[in-house]
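Participant: Dropping the structure in here first, questions after.
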Amino acid sequence: MNSERQQAYLNLISELLNCPSGDEAQILKTHPELLDDGLVAAMLEEADNLREQGELNNANWLKNFAGRLGKVAGDFLARIELKAEADRLLKQGNRQDDISQFREALQSCEQALTIYREIENRLGEANSLGNLGNSYYYLGQYEKAIEFREQSLEIAREIGNRQWEANCLCNLGMVFMKTNQLAEAESQLRASIQIRETMRSELVNDDHKVSFFETQISAYHLLQQVLVARNLTKP
């Protein structure tokens with residue numbers, strides 16, 4: 043173990059020993075990269091040191107906490123591994139969509155969705171649902187595309203991810219346009235554009251504003267097509 047990581051363990055241990063009772067969980071959340079077996083070992087070693095120095099209360103507390111943390115760290119590492127597998131499956135589904143393997147993409151994204159739900163990763167769940175909607179869209183199963191995209195939209199709103207909410211609305215606009223539900227398509231696309239315009243106005247760097255605008259061009263193009271189809275001349 044390198045000395046830098048060992049010092050990081052000791053700093054965290056010191057923070058835990060000196061924090062108000064009940065704040066330990068919040069402190070651990072700010073150092074997820076240190077939650078491993080190495081931290082548990084460092085805690086047990088430091089508990090022995092404290093005992094030799096006569097600090098029995100701190101020594102006992104730290105030893106007991108290390109025992110509890112051992113289980114938490116194991117769960118934490120398992121969740122990291124599961125998330126990595128879900129991320130891999132989601133990327134695999136994207137690649138399969140790109141080469142028109144839509145049914146295979148459905149399987150990959152369904153597996154990813156199951157894992158994301160198991161580890162309670164809401165953004166991953168939203169991404170999986172959105173990608174399932176994409177695959178159903180490419181297969182021409184538009185009702186299912188709407189169903190999964192609306193589920194993804196609901197989660198995006200629940201977790202406050204405006205970027206993903208805008209993406210979901212744009213994708214819903216696309217499927218409503220495909221099924222000739224033009225009024226609904228216009229509504230979804232305008233909502234998507236409004237969110238992105240609001241987010242763009244909050245950016246400080248002009249270069250970022252230009253880059254952000256480029257990401258919403260597709261929504262403007264789709265809206266233009268909808269308006270032409272509805273015999274309207276301007277947004």
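Per the numbering used here: the sequence shown = residues 43 to 277. Just so you know, even glycine gets a beta-carbon here, dropped at the ideal spot from N, CA and C. Nothing here was measured: the structure is a model prediction, and the numbers come from that model.
(1) What are the start and end residues of the alpha helix (DSSP H) that includes leucine 269?
(2) For alanine 50, which of Ala67, Gly202, Asn203 and Glu75 has the nearest alpha-carbon?
(3) DSSP three-state call for glutamate 162: helix, strand or coil?
(4) In whole angstroms, give me the CA-to-CA distance for glutamate 97 and glutamate 123.
(5) Helix, strand or coil: how does DSSP classify glycine 80 here?
(6) Using the C-alpha atoms, what's the distance from glutamate 226 back to leucine 174?
(7) Determine the extent of the alpha helix (DSSP H) in which asparagine 53 is found, giving its start and end residues.
(8) Rounded C-beta distance between leucine 165 and asparagine 136? I'm assuming under 8 Å.
(9) When DSSP labels each residue in this structure, what does leucine 181 get in the three-state scheme?
(10) Nearest to aspartate 78 by alpha carbon, out of Pro62, Ser63, Leu59 and Gln48?
(11) Do serine 194 and leucine 171 have their C-beta atoms closer together than 8 Å?
(12) With a threshold of 16 other CB atoms inside 10 Å of the CB of lysine 276, please say whether the residue is buried or exposed.
(13) Tell me the residue span of the alpha helix (DSSP H) that contains serine 63.
(14) Let me confirm a value: alanine 261 is counted as buried when at least 16 other C-beta atoms fall within 10 Å, else exposed. Which label applies?
(15) Within 10 angstroms of the Cβ of serine 234, are there 16 or more other Cβ atoms? Answer buried if so, exposed if not.
(16) Jot down the residue ranges of each uninterrupted alpha helix (DSSP H) in the stretch 123-167, minimum 4 residues, whole runs only, in chain order.
(17) Exposed or buried, aspartate 65, counting other C-beta atoms within 10 Å across all chains shown (16 or more means buried)?
(18) Quick one: grab the DSSP three-state call for glycine 215.
(19) How big is the Cα-Cα spacing for asparagine 176 and arginine 191?
(20) How far does the alpha helix (DSSP H) with glutamate 228 in it reach, from first residue to last?
(21) Tell me whether glutamine 68 is buried or exposed, calling it buried when 16 or more other Cβ atoms sit within 10 Å of its Cβ.
Facilitator: The structure says:
(1) As a working mapping, residue 269 is identified with position 227 in the sequence shown. Note, leucine 269: alpha helix (DSSP H), 259-271.
(2) The residue given as residue 50 occupies position 8 in the sequence shown. Considering only alpha carbons, the answer is Glu75.
(3) Here residue 162 refers to the residue found at position 120 when the sequence shown is read from its first residue. Coil at glutamate 162, not helix or strand.
(4) Your numbering for residue 97 matches position 55 in the sequence shown. Your numbering for residue 123 matches position 81 in the sequence shown. The straight-line gap from Cα to Cα measures roughly 38 Å.
(5) Counting from one through the sequence shown, the residue named residue 80 turns up at place 38. Glycine 80: helix per DSSP, three-state reduction.
(6) One-based indexing of the sequence shown puts residue 174 at position 132. One-based indexing of the sequence shown puts residue 226 at position 184. Rounded to whole angstroms, leucine 174 to glutamate 226 spans 21 Å at the Cα level.
(7) On the sequence shown, residue 53 is found 11 positions in, with the first residue counted as 1. Per DSSP, asparagine 53 belongs to the alpha helix (DSSP H) from 45-60.
(8) The count along the sequence shown starts at 1 and reaches residue 165 at position 123. The count along the sequence shown starts at 1 and reaches residue 136 at position 94. Incorrect: roughly 15 Å between the Cβ atoms, too far for contact.
(9) The residue given as residue 181 occupies position 139 in the sequence shown. DSSP places leucine 181 in coil when its eight states are reduced to three.
(10) Reading the sequence shown from its first residue, position 36 is the one you call residue 78. Of the listed residues, the one whose Cα sits closest to aspartate 78 is Gln48.
(11) Numbered from its first residue, the sequence shown carries residue 194 at position 152. Numbered from its first residue, the sequence shown carries residue 171 at position 129. It is a contact, given that the beta carbons lie within the stated cut-off.
(12) Residue mapping note: residue 276 aligns to position 234 of the sequence shown, counting from 1. A caution first: lysine 276 carries a pLDDT of 48, below 50, which makes its placement in the model unreliable, though a value can still be read off. Its Cβ having fewer than 16 others within 10 Å, lysine 276 is exposed.
(13) To locate residue 63, count along the sequence shown from 1; it is residue 21. Careful: serine 63 lies outside any alpha helix (DSSP H) and carries neither H nor E.
(14) What you label residue 261 is simply residue 219 of the sequence shown in a count that begins at 1. Alanine 261 should be labelled buried.
(15) Within the sequence shown, residue 234 is the residue found at index 192, counting from 1. When all chains shown are included, serine 234 counts as buried.
(16) 144-160
(17) Within the sequence shown, the letter at position 23 stands for residue 65. By the 10 Å Cβ count, aspartate 65 comes out exposed.
(18) One-based indexing of the sequence shown puts residue 215 at position 173. Helix at glycine 215.
(19) Sequence index remark: in the sequence shown, residue 176 carries index 134 (1-based). Sequence index remark: in the sequence shown, residue 191 carries index 149 (1-based). Looking at the two C-alpha atoms, the distance is approximately 8 Å.
(20) Translated into positions along the sequence shown, residue 228 becomes position 186. Counting along the chain, the alpha helix (DSSP H) containing glutamate 228 begins and ends at 224-243.
(21) Walking along the sequence shown from the start, residue 68 turns up at place 26. Answer is exposed; the Cβ neighbour count stays below 16.
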